[in-house]
Amino acid sequence: MIVERPIHIDYVASPGAAQARFLKGMSEGRILGERCPTCNKVYCPPRGSCPTDGVATSEQVELAGTGTVTTFCVVNIPFAGQSVECPYVSASVLFDGADIPLFGLIQDIPWEEVRMGLRVEAVWADELKPSLESIKYYRPTGEPDAEYDTYKGHV
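Just so you know, the sequence shown maps onto residues 51 to 205 in the numbering used here.
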């Protein structure tokens with residue numbers, strides 16, 4: 051026999067210390083990662099530990115906000131509540147000095163000109179929050195494209 055009982059659990063989700071530092075940095079217009087003391091990889095956003103080596107990370111690394119498009123997708127399908135007109139580009143951006151790319155919008159360039167290796171910079175929102183929404187989008191820097199060998203491990 052199965053007896054159904056209504057259950058209610060109250061909880062408050064809060065980020066760990068590494069994520070809290072990252073989100074605070076976002077609210078200050080700074081991009082923070084953490085370096086693994088064993089393999090020296092820089093994780094952004096930080097996880098608090100290295101998933102490869104299983105050791106705690108604590109060394110803060112401030113990243114400049116410039117990086118390279120490693121992969122991207124042209125979005126042509128509209129959805130309810132979207133804030134960007136189709137077509138638009140979502141891309142993985144590998145910040146200079148980081149070992150994990152972040153996902154975000156690419157703008158200020160025609161969608162058909164976006165490519166792997168494109169050098170981009172973060173454009174900050176007018177109102178900074180403790181959120182990835184503080185980076186409004188990424189735009190081209192005008193620098194030459196990055197060589198494939200510099201990001202091939204992140205594709």
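Heads up, the beta-carbon is just placed ideally off N, CA and C, and yes, glycines get one too.
Self-check item: DSSP state of A68 mapped onto helix, strand, coil
Solution: helix
Practice problem: Report all residues from its chain with a CB closer than 6 Å to the CB of Y138; omit the five preceding and five following residues, and keep chain order. | Solution: V125
Quiz item: Taking the DSSP output, what are the residues bridged to L152?
Solution: V143
Exercise. Would you list the one or two residues that DSSP bridges to C123?
Key: S140
Self-check item: Collapsed DSSP secondary structure at S133 in the structure displayed
Solution: coil
Self-check item: Validate contact between the segment 128 to 145 and the segment 99 to 111 using beta carbons, cut 8 Å, 3 pairs
Solution: no
Practice problem: Tell me where the beta strand (DSSP E) around A172 begins and ends. | Solution: R169 to W174
Exercise. Let me know if F153 comes out buried or exposed under the rule of 16 or more other beta-carbons within 10 Å of its beta-carbon.
Key: exposed
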